[in-house]
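To start, the structure under review is shown below, and the notes come after it.
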Amino acid sequence: MIQVSIAGGSGYTAGELLRLLVRHPQVEIKSVSSTSSAGERIDTVHRDLLGETDLKFTREVGDADVLFLCLGHGLSQEFLYTHSISQDCRLVDLGNDFRNKPRFDDREFIYGITELNRARIRKSHSVANPGCLATSIILAMAPLAALGLIVDDMHAHTVTGSTGAGRIPNDWTHYSYREANVTIYKNFEHQHIEEIMGALNAVAVEERADGEKAGALPPLQWVPMRGPFTRGIIASVYTKWNGTMSEEALIKHFCDFYESSAFVHVSEKQVSLKEVVNTNKCLLHVEFHNGYVHVTSVIDNLLKGASGQAVQNMNVMCGLDETLGLQLKGTAF
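Using the working numbering, you'd call the opening residue of the sequence shown number 21 and step up by one each time.
Rendered as structure tokens:
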């Protein structure tokens with residue numbers, strides 16, 4: 021059994037992680053730390069876990085084979101400075117500390133889009149789990165980046181659920197504000213742009229279909245929006261098409277690109293959030309329109325966008341079946 025600990029156990033991503041790990045057939049949860057809830061039963065904070073576990077939150081993090089960091093953004097690096105973590109311990113950081121700056125002392129954090137970096141993750145002891153919005157856009161555009169045919173700006177519009185803002189309430193997550201409302205935020209300057217472009221440029225360099233070295237991709241013009249629902253992300257991404265490939269051939273390329281993926285699938289029909297909520301799936305729909313290629317991407321922000329992908333990365337690092345503990349039933353309706 022793999023001994024697992026969680027640092028920062030009271031938030032939404034930690035709660036979702038616990039729901040997965042208590043049912044994972046190869047995992048034993050060693051400790052779940054929380055400075056605000058130390059000594060309390062976990063099911064008093066994550067109330068749906070009543071009857072699933074008798075664990076209590078601890079103040080300190082116990083030794084483990086795998087340590088998940090579910091701390092606030094910017095706090096993981098501080099945690100590693102103040103805690104002595106064995107080099108044999110595998111780390112999965114769900115914050116943003118190491119997505120763009122992957123080195124910490126002797127550790128190198130591999131960017132954890134599993135479908136793009138599976139081989140490197142398998143050999144790694146440290147993974148920087150991607151952002152939820154970044155995941156939805158990267159998985160939509162990576163097959164195009166691999167062709168080397170993105171020659172004009174990429175445009176993205178995303179709508180995300182309220183859980184993406186975390187558990188601590190604020191004006192933007194208040195029910196009376198969020199209900200029956202859609203708002204734009206951080207347009208053209210979202211913090212995930214850097215990690216999205218880093219991941220797509222890496223694909224363009226490493227996976228060019230013709231073997232030639234690619235230059236930097238054109239910029240991403242992105243308008244993120246908040247939606248009146250709790251979980252899920254829908255991303256609408258498009259760019260001018262510079263290839264001679266037919267729509268049918270491009271769809272086949274997407275299918276081939278994700279052929280080895282258990283969780284990314286290309287749909288012939290347009291996709292929707294209810295098809296992926298409560299799953300670790302990403303569903304894509306690809307189409308041409310008046311000289312543009314348009315890709316729709318849907319994920320659950322707490323699963324494929326966070327805790328599900330974290331468990332997927334743990335499985336790969338530990339040599340387990342990638343789908344273990346992640347064969348989840350979607351809500352569907």
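For every residue, glycine included, the Cβ atom is placed at its ideal position computed from N, Cα and C.
A154 versus W261: straight-line alpha-carbon distance, rounded: The C-alpha of W261 is placed about 22 Å away from the C-alpha of A154.
At which residues does the beta strand (DSSP E) containing S280 begin and terminate? For S280, no beta strand (DSSP E) segment is defined, and its DSSP state is neither H nor E.
Within 10 Å of its beta-carbon, does A269 have 16 or more other beta-carbons around it, so buried, or fewer, so exposed? Counting other Cβ atoms within 10 Å of its Cβ, A269 stays below 16 and is therefore classed as exposed.
Using the C-alpha atoms, what's the distance from F308 back to A229? Residue placement at A229 is poorly supported in this model, since its pLDDT is 48, which falls under 50; the coordinates are not used for a value here.
Helix, strand or coil, according to DSSP, for C152 in the structure here? It is helical.
Return helix, strand or coil for E307, following the three-state DSSP convention. Looking at E307 - three-state DSSP - the assignment turns out to be strand.
Can you tell which of V225, A352, A148, S280 has its C-alpha closest to the C-alpha of T343? Looking from the CA of T343, the closest CA among V225, A352, A148, S280 belongs to S280.
Run of the beta strand (DSSP E) containing A176, from where it starts to where it stops: First-last of the beta strand (DSSP E) with A176: 174-180.
Closest by C-alpha distance to G252, when choosing among L323, D117, N137: For the residues L323, D117, N137, the minimum Cα distance to G252 belongs to L323.
Rounded C-alpha distance that separates Q347 from S327: Taking the straight line from one Cα to the other gives about 14 Å.
What residue range does the alpha helix (DSSP H) around Q329 cover? From DSSP, the alpha helix (DSSP H) with Q329 extends over 328-337.
N300 classed as buried or exposed, judged by whether at least 16 other C-beta atoms fall within 10 angstroms: Per the 10 Å Cβ criterion, buried.
Would you kindly check if the distance between the Cβ of Q46 and the Cβ of L237 is under 8 Å? The answer is no: Cβ separation not under 8 Å.
Roughly how many angstroms lie between the CA atoms of F118 and K349, to the nearest whole one? Whole-angstrom Cα-Cα distance: 31 Å.
List, from N- to C-terminal side, the beta strand (DSSP E) runs of 3 residues or more that fit wholly inside the segment 113-165. Runs found: 146-148.
Only counting the same chain, and skipping five residues up and downstream in sequence, which positions put a Cβ closer than 6 Å to that of E72? If we look at E72 and ignore the five residues flanking it on each side, its Cβ neighbours are V42.
Shortest alpha-carbon distance to G345 belongs to which of G31, V286, T33, L37? For G345, the nearest C-alpha among the options comes from L37.
On the DSSP bridge assignment, give the partners of T203 in chain order. Its beta-bridge partners are R246.
Would the segment 58-68 and the segment 77-86 be scored as touching if the rule is three or more Cβ pairs under 8 Å? As far as the Cβ criterion goes, the segment 58-68 touches the segment 77-86, which means the pair count is three or higher.
Under 8 Å between C-beta atoms of V283 and A166: Correcting the residue identity first, residue 283 is Phe in this sequence and not Val. No, these two residues do not count as a Cβ contact at 8 Å.
Inter-residue spacing [alpha-carbon to alpha-carbon] between L91 and G28: Roughly 5 Å separates the two Cα atoms.
Can you name, in chain order, every residue of its own chain whose Cβ lies under 6 Å from the Cβ of S25, other than the five neighbours on each side? The residues are K50, S51, V81, G82, A84, L87.
Would a C-beta distance cut-off of 8 Å place N149 and N333 closer than the cut-off? Yes.
What number of angstroms, rounded off, separates the C-alpha of A34 from the C-alpha of D113? Cα to Cα, the separation comes out at about 11 Å.
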